Amino acid sequence: MTSTVFGEMGFLGMLTTVSALQGFALAVFLLVRHRGETHAVRWLVLMIVLMSMHLADMTFAKTALLAYFVPLADTTFSLLFLIGPLYYFYVRALLNPARRLQWLDILHTLPALYILLGMLDWIFIDPAIKQTYIEGRNIAPPTSLPLDAFLKLGFNIVQNFAYLWASLRLGNLARTRLEEQSADTAVTADIDRLQNVTRAFTVWVAGYLVFFTVLANWGEYGEEIDHFWLFINGLFILVLGISSVARPARFDATLRDSQGALQEDREAEAKKYEKSTLNDVGLKALKVAFELLMEKEKLYLESTLRMPDVAQKLSASPHHLSQMLNQEIGIPFLAVINRYRTAEVIRLMQEEGRSDTVLTLAFSAGFNNKNSFNRAFRQETGKTPSTYRKALQT
Numbered sequence: 000m001t002s003t004v005f006g007e008m009g010f011l012g013m014l015t016t017v018s019a020l021q022g023f024a025l026a027v028f029l030l031v032r033h034r035g036e037t038h039a040v041r042w043l044v045l046m047i048v049l050m051s052m053h054l055a056d057m058t059f060a061k062t063a064l065l066a067y068f069v070p071l072a073d074t075t076f077s078l079l080f081l082i083g084p085l086y087y088f089y090v091r092a093l094l095n096p097a098r099r100l101q102w103l104d105i106l107h108t109l110p111a112l113y114i115l116l117g118m119l120d121w122i123f124i125d126p127a128i129k130q131t132y133i134e135g136r137n138i139a140p141p142t143s144l145p146l147d148a149f150l151k152l153g154f155n156i157v158q159n160f161a162y163l164w165a166s167l168r169l170g171n172l173a174r175t176r177l178e179e180q181s182a183d184t185a186v187t188a189d190i191d192r193l194q195n196v197t198r199a200f201t202v203w204v205a206g207y208l209v210f211f212t213v214l215a216n217w218g219e220y221g222e223e224i225d226h227f228w229l230f231i232n233g234l235f236i237l238v239l240g241i242s243s244v245a246r247p248a249r250f251d252a253t254l255r256d257s258q259g260a261l262q263e264d265r266e267a268e269a270k271k272y273e274k275s276t277l278n279d280v281g282l283k284a285l286k287v288a289f290e291l292l293m294e295k296e297k298l299y300l301e302s303t304l305r306m307p308d309v310a311q312k313l314s315a316s317p318h319h320l321s322q323m324l325n326q327e328i329g330i331p332f333l334a335v336i337n338r339y340r341t342a343e344v345i346r347l348m349q350e351e352g353r354s355d356t357v358l359t360l361a362f363s364a365g366f367n368n369k370n371s372f373n374r375a376f377r378q379e380t381g382k383t384p385s386t387y388r389k390a391l392q393t
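Letter by letter, the sequence shown follows residues 0 to 393 in numbering that gives the first Met the number 0.
Structure (structure tokens):
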């Protein structure tokens, strides 16, 4: 990457400046778009604002903008230690809106507060002294990174990976619970979108890891490494902003049926089955009644079908219906309903003179999300819907 002479903006300075401004604009866009909705988006907005502030800060310290923003330059390193916690709070609030902040959640901010306390003298130093130091640092030859800074960077990487892993785990758990309670494929698609955003942040942290590895092997901290990290940060926020406008649904994970989805895990569910009053005969009878109901009323055609609704029609408890599906059929509620929906799509494909698109047939059969339909169809048939239809026509 071509180096930027200090005091000039250059391509890198322009990229990071635009990216920081776009980050602030993205935060406003998300707040306006989700006005009046779940408070979860506020955590995401705050995280994007802090990332943009840090990127702007780095840009001030590396370009001609330093002369105008000396007091703000090199002051936001502690904000990096809030990125992981804020994203985790976003995911947690999105998947479980009923959960509110607790006093123990303050512990998540301790690393950032520790770093901030260590920076107070630097933050409030005389601006003229700060400007002279930063300008000298930018034109000085590469030097070894101090051990304490090296350890802080390493800790931040581990911290971010830990929070991202916890966020992915919450998403997987919520998806599993929703599959057992709801046949609304749009909801699980929302979780999939959320997981994709989490993976994107993981890629960003991986860039951070590359930066850290370069420091560890190079042994010197120079302008080139600074430029690399500026580029990674700027590019990530730029892509984040563009994708939110081009594909706004990526940030729309409303997860409207997920309230309480994280309240129980599968192990707790298994323990409840141990105390169930439903014996083997009752399980088989409930299975027969369920299959007759599906055949007669075709409830699976309802795209937002929920297990409690089916249980009510069977005069059974949702707990007993869940037990029957898991122990007699061996798959959760969503997979069972999607099996019926897939069979309905195949039946519609076989009708003579049917010229509707595959997606139209899918929506007629109860699916309400293209990706979920394609996935469910492949799981049941081993083929894509288009391939299967062509095979029927030959």
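Heads up, the beta-carbon is just placed ideally off N, CA and C, and yes, glycines get one too. Keep in mind it's a predicted model, so treat the numbers as computed, not measured.
| Asked | Found |
| --- | --- |
| Whose C-beta lies closer than 6 angstroms to the C-beta of ARG305 among residues of the same chain, with five residues either side of it excluded? | SER181 |
| Under 8 angstroms, do ASN367 and ALA185 count as touching if we go by C-beta distance? | yes |
| For the candidate residues GLU351, ASP308 and ASP225, whose alpha-carbon lies nearest to that of MET57? | ASP225 |
| So is GLY12 buried or exposed if we call it buried at 16+ other beta carbons inside 10 Å? | buried |
| Would you identify the three-state DSSP class for THR131, choosing helix, strand or coil? | helix |
| Pull the bridge partners of ARG305 from the DSSP assignment, please. | SER181 |
| Which class does ASN433 belong to by DSSP, given the choice of helix, strand or coil? | With the chain covering only 0 through 393, there is no way to say anything about residue 433. |
| Below 6 angstroms CB to CB, which residues in the same chain sit around PRO307 once its five sequence neighbours on both sides are set aside? | PRO317 |
| Label ARG235 either buried or exposed according to how many other C-beta atoms from any shown protein chain fall within 10 Å of its C-beta, with 16 as the threshold for buried. | The amino acid at residue 235 is misidentified as Arg; the sequence shows Phe. Buried is the call here. |
| In three-state terms, what does DSSP make of ALA315? | coil |
| Thinking C-beta only, is TYR89 closer than 8 angstroms to ALA165? | no |
| Between SER18, SER385 and ILE114, which has its C-alpha nearest LEU358's C-alpha? | SER385 |
| State the Cα-Cα distance for the pair SER51 and ALA139, rounded to the nearest angstrom. | 27 angstroms |
| How about LEU65 and ILE124: are their beta carbons less than 8 angstroms apart? | no |
| Taking just the CA atoms, how far does THR62 sit from LEU261? | Its pLDDT being 43, under 50, LEU261 is placed unreliably by the model, and the measurement read from it follows with that caveat. Taking the straight line joining both Cα atoms gives about 47 angstroms. |
| Verify whether the separation of the beta carbon atoms of THR197 and GLY170 is less than 8 angstroms. | yes |
| What is the C-beta distance between THR108 and LEU54, in whole angstroms, given that I count them as a contact (C-beta under 8 angstroms)? | Not confirmed; about 21 angstroms, so no contact. |
| Quick check: the Cα distance between GLY395 and LEU100, rounded to an integer number of angstroms? | No answer is possible for residue 395: the residues shown for the chain start at 0 and end at 393. |
| Can you give the Cα-Cα distance for LYS283 and ASN373, rounded to whole angstroms? | 31 angstroms |
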